Every structure is written in structure tokens, then in C-alpha cells.
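In terms of the numbering used here, the sequence shown has 42 at position 41, counting the first letter as 1, and numbering is strictly consecutive.
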Amino acid sequence: MYKLELCFFCLFVLKFLYNNNTRQQTEARDDLHCPWCTLNCRKLYSLLKHLKLCHSRFIFNYVYHPKGARIDVSINECYDGSYAGNPQDIHRQPGFAFSRNGPVKRTPITHILVCRPKRTKASMSEFLESEDGEVEQQRTYSSGHNRLYFHSDTCLPLRPQEMEVDSEDEKDPEWLREKTITQIEEFSDVNEGEKEVMKLWNLHVMKHGFIADNQMNHACMLFVENYGQKIIKKNLCRNFMLHLVSMHDFNLISIMSIDKAVTKLREMQQKLEKGESASPANEEITEEQNGTANGFSEINSKEKALETDGVSGVSKQSKKQKL
2 MYKLELCFFC LFVLKFLYNN NTRQQTEARD DLHCPWCTLN CRKLYSLLKH
52 LKLCHSRFIF NYVYHPKGAR IDVSINECYD GSYAGNPQDI HRQPGFAFSR
102 NGPVKRTPIT HILVCRPKRT KASMSEFLES EDGEVEQQRT YSSGHNRLYF
152 HSDTCLPLRP QEMEVDSEDE KDPEWLREKT ITQIEEFSDV NEGEKEVMKL
202 WNLHVMKHGF IADNQMNHAC MLFVENYGQK IIKKNLCRNF MLHLVSMHDF
252 NLISIMSIDK AVTKLREMQQ KLEKGESASP ANEEITEEQN GTANGFSEIN
302 SKEKALETDG VSGVSKQSKK QKL
């Protein structure tokens, strides 16, 4: 704890007190510049206002002096040293401001730019030391707003573009899905069918966040509902059954769950086969309907063909065969 005294009467006196040992250093000045930022305040009242509002690390008390003024300066115990600017600027890389390709969203921060309460008459009494002897502990005007948040999984700072998106609920970001697929492709002791099943299963587990053993039965049924058609079209049914059996070997799912999953997969396969067999028949029906819709032109063309056959001497039976 030390005390600093400033005297403004053509003398600028700095007096430091360390552990009851007094040391004094005097410097003569004939201006009203701020001793920290060299701002020319021109008036004593303006200088006191500047010191109190812009240098919150210290506490300033005005003391009347017959030859000028004296300002007692002491340490502000409530000053926490926290950064009052944009928290993104601390972690931003140098040169980032000149490397943007377009507009970038900024971080909403709180700054007191204009504060216009009821104007009081300027008086030096507001800078006098209180009669109670209590030292004024000046606190920061804005606190608790300029916070920097971090991702819980990567510990990286949250950028302004990500403020409105709750990325903590996103359990399978795009980069993680790509990395998972790339790592599975590097396996050399499994065939292509097993790789495809492993990709689908890992992406399915990451998306829904299955982490407990008692969730595996539900995970298998949901996997069949979501990826059953893809498994059938890629001919991965046997690979999927082997995957279920290996999960049963590790006591993750029961035999009943395997039976339900396989039964549901076969039902989906039968529906797909019926749909494929019904689609050609539907195409034939539509062609017949299109033919009847075009009606008169086809009938006229057939009649003309029959007339030509009659002229050429072709029998009626051959005409019927042609029709």
C-alpha cells in the first residue's frame, strides 16, 4: 500500500509511502497534463474528472492548497484488472482484420458511450475526501458483460458467428463425421461390406448420443428404421447380422433384439421387392391409359392398315393377327 501526492501549483510532487517508510520525489511542472496519458486537460476540474473516470486503478482525492492544488492518489482495492474491451481481441490472431473475405459478425459487448444523468453544477467539493474517513472504492461501470465463452469439447473460444447457434447440442459435427469415415477407410483387416456397416453404425451412434449398454437395444431398432433401406439396397444384410451377433457376444443386446431387428429388416425387404415388382405393372397400365387417351388417331391408323391389307388380298385371319 502506497500513497501518491500530486501538487499542481507549478510543482508536480510525487510522494510514495512504502511500509511506513516515506520516500519523496518532486518534479516541477507548469501545465495540467495527465501524468499517465499526457492529456492536456486545461482546467483543474477537467483533470480531476479525467483522472477519476479514465484511471480506475487509483483513487484520487482533491486537497485545497493556498498556492494551487494537491491530489492524493491511492490504490483502488476494488480494481480487479479485468479486460474491459472486446474479449475476442485477446485470442484473435495478428492480421486477422485484414484477412477477411467479407463481412464478419461482431461480438455484442457493453460499453458506456454516453451517460447523461441530471447535470450537476461543477464543484471541486465532489473530489474532496469524505469526512467519515472511508476511502471511496471506485468500481468498474460495466462488469459481467464482456465474457468470452469456450467450447466444452474443444476448449476453443466461441466466435461471434457461433453465438446464436447452440453447438453444444451438436454431437456429430461435420468434421467429426468426415474424420470417422476416413479412419474406418484406413482399416485393412475388414472387407468393404463391414466398413460400410461400421460407418453407418458409428454415425448413427454419434448422432443420437448412445453411451450406455442399456440403450443398445433401442439403438439397433432405430438403426433398422433409419438405415434399413440403405442396407438392403447395398446388400449388407449379412454384414449387419454379423454386427448384431458380435454385439450379443459382448452382452450389449439380447437375442430377442436380434430377432426383432432381423424380422423388421426382412419385412422392409419384402416391401421393397413388392414395390419393385409392382412398378413395371404400373408402367404398363399407364402406357395403356395413354394409348386409350390418344384413341382416335391409333384406330384410324389401324383401319387404314386393314384397308391396305384388303387391297393387297390378305385374309381376315392375318388381319386379326396383325391387330
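We put the CB at the ideal spot given by N, CA and C, even for glycine.
Treat the numbers as computed from the prediction; the structure is a model and nothing was measured.
| message | Less than 7 Å between the beta carbons of I254 and N203, yes or no? | response | What you label residue 254 is simply residue 253 of the sequence shown in a count that begins at 1. What you label residue 203 is simply residue 202 of the sequence shown in a count that begins at 1. Their beta carbons are not under 7 Å apart, which means I254 does not touch N203 by this criterion.
| request: Have a look at C11 and Y80 and give me their C-alpha separation to the nearest angstrom. | output: Locating residue 11 in the sequence shown gives position 10, where the first residue counts as 1. Locating residue 80 in the sequence shown gives position 79, where the first residue counts as 1. Note on C11: pLDDT 44, under 50, position unreliable in the model; no value is reported.
| said: Pairs of beta-carbons, one from the region 216 to 231 and one from the region 188 to 205, closer than 8 Å: are there three or more? | reply: yes
| query | From which residue to which residue does the alpha helix (DSSP H) around Y228 run? | reply | As a working mapping, residue 228 is identified with position 227 in the sequence shown. Residues 217 to 234.
| task | Express the C-alpha separation of D173 and R160 in angstroms, rounding to a whole number. | result | In the sequence shown, residue 160 corresponds to position 159, counting from 1. In the sequence shown, residue 173 corresponds to position 172, counting from 1. Rounded to the nearest angstrom, the two C-alpha atoms are 19 Å apart.
| said: In the DSSP assignment, the alpha helix (DSSP H) including N62 goes from what residue to what residue? | reply: Within the sequence shown, numbered from 1, the residue matching residue 62 stands at position 61. Segment 59 to 66 is the beta strand (DSSP E) holding N62; no alpha helix (DSSP H) there.
| query | Quick one: any contact between the region 228 to 248 and the region 257 to 270, if contact means 3 or more CB pairs under 8 Å? | reply | yes
| message | Looking only at its chain, what residues have a beta carbon closer than 8 Å to the beta carbon of V64, apart from the 5 residues adjacent to it on each side? | response | In the sequence shown, residue 64 corresponds to position 63, counting from 1. For V64, where only same-chain residues beyond five positions count, the Cβ hits under 8 Å are A70, R71, I72, D73, L129, E130.
| task | May I ask you to report which of helix, strand or coil DSSP gives A213? | result | Here residue 213 is taken as the residue at index 212 of the sequence shown, counted from 1. In this structure, A213 counts as coil in the three-state DSSP scheme.
| query | Mapping DSSP to helix, strand and coil, what is F128? | reply | As a first step, residue 128 must be located in the sequence shown, where it is residue number 127. Three-state result, F128: helix.
| Applying the criterion that 16 or more other CB atoms from any shown protein chain within 10 Å of the CB defines a buried residue, is E288 buried or exposed? | Working through the sequence shown from its first residue, we reach residue 288 at position 287. For E288, the predicted structure reports a pLDDT of 49, less than 50, and the residue's modelled location is therefore unreliable. The matter cannot be settled from this model.
| query | Got a sec? Which residues, its chain only, sit under 8 Å from L223 by beta carbon, not counting five neighbours each side? | reply | Sequence index remark: in the sequence shown, residue 223 carries index 222 (1-based). Closer than 8 Å at the Cβ level, and outside the excluded window around L223, lie H205, H209.
| request: Give the range of the beta strand (DSSP E) segment to which V191 is assigned. | output: Here residue 191 refers to the residue found at position 190 when the sequence shown is read from its first residue. Run containing V191: none; DSSP gives neither H nor E here.
| task | Grab me the residues of L52's own chain with a C-beta within less than 6 Å of its C-beta, minus the 5 sequence neighbours each way, in chain order. | result | Here residue 52 is taken as the residue at index 51 of the sequence shown, counted from 1. Cβ within range, chain order: F61.
| message | Suppose you measure from the CA of L177 to the CA of K196; what does that come to, to the nearest Å? | response | By 1-based counting over the sequence shown, the position of residue 177 is 176. By 1-based counting over the sequence shown, the position of residue 196 is 195. Taking the straight line joining both Cα atoms gives about 17 Å.
| query | Start and end of the beta strand (DSSP E) containing V74? | reply | Taking the first residue of the sequence shown as position 1, residue 74 is located at position 73. Where V74 is concerned, the enclosing beta strand (DSSP E) stretches over 69 to 76.
| task | Would you kindly work out how many angstroms separate the C-alpha atoms of L157 and N192, rounded to a whole number? | result | The sequence position of residue 157 within the sequence shown is 156, counting from 1. The sequence position of residue 192 within the sequence shown is 191, counting from 1. L157 and N192: Cα-Cα distance of roughly 37 Å.
| said: Could you tell me the alpha carbon to alpha carbon distance between R239 and L149, rounded to whole angstroms? | reply: In the sequence shown, the residue the question calls residue 239 occupies position 238. In the sequence shown, the residue the question calls residue 149 occupies position 148. For R239 and L149, the distance between alpha carbons rounds to 51 Å.
| query | Does DSSP put F251 in a helix, a strand or coil? | reply | Within the sequence shown, numbered from 1, the residue matching residue 251 stands at position 250. Coil, per DSSP.
| As assigned by DSSP and simplified to three states, the class of P36 | Here residue 36 refers to the residue found at position 35 of the sequence shown. Coil, per DSSP.
| task | Consult DSSP for P158 and reduce its assignment to one of helix, strand or coil. | result | Here residue 158 refers to the residue found at position 157 when the sequence shown is read from its first residue. Strand.
| query | If you compare alpha carbons, which of I185, S57, S247 is closest to E78? | reply | Within the sequence shown, residue 78 is the residue found at index 77, counting from 1. Residue S57 is the option with its Cα nearest to E78.
| message | To the nearest angstrom, how far is the alpha carbon of K265 from that of T181? | response | Position 264 of the sequence shown, counted from the first residue, corresponds to residue 265. Position 180 of the sequence shown, counted from the first residue, corresponds to residue 181. For K265 and T181, the distance between alpha carbons rounds to 28 Å.
| In terms of DSSP beta bridges, what is N41 paired with? | What you label residue 41 is simply residue 40 of the sequence shown in a count that begins at 1. H34.
| Between G82 and the rest of its own chain, which residues show a CB-CB distance below 7 Å, the 5 nearest in sequence each way excluded? | Position 81 of the sequence shown, counted from the start, is the residue given in the question as residue 82. Counting only Cβ-Cβ distances below 7 Å, and skipping sequence neighbours, we find nothing.
| Exposure of A262, with buried meaning 16 or more beta-carbon neighbours within 10 Å | Taking the first residue of the sequence shown as position 1, residue 262 is located at position 261. Looking at its Cβ environment, which holds 16 or more other Cβ atoms inside 10 Å, A262 is buried.
| Name the DSSP bridge partner or partners of F151? | The count along the sequence shown starts at 1 and reaches residue 151 at position 150. DSSP lists P158 as partners of F151.
| task | Look up E163 in the DSSP assignment and say whether it is helix, strand or coil. | result | Working through the sequence shown from its first residue, we reach residue 163 at position 162. Helix at E163.
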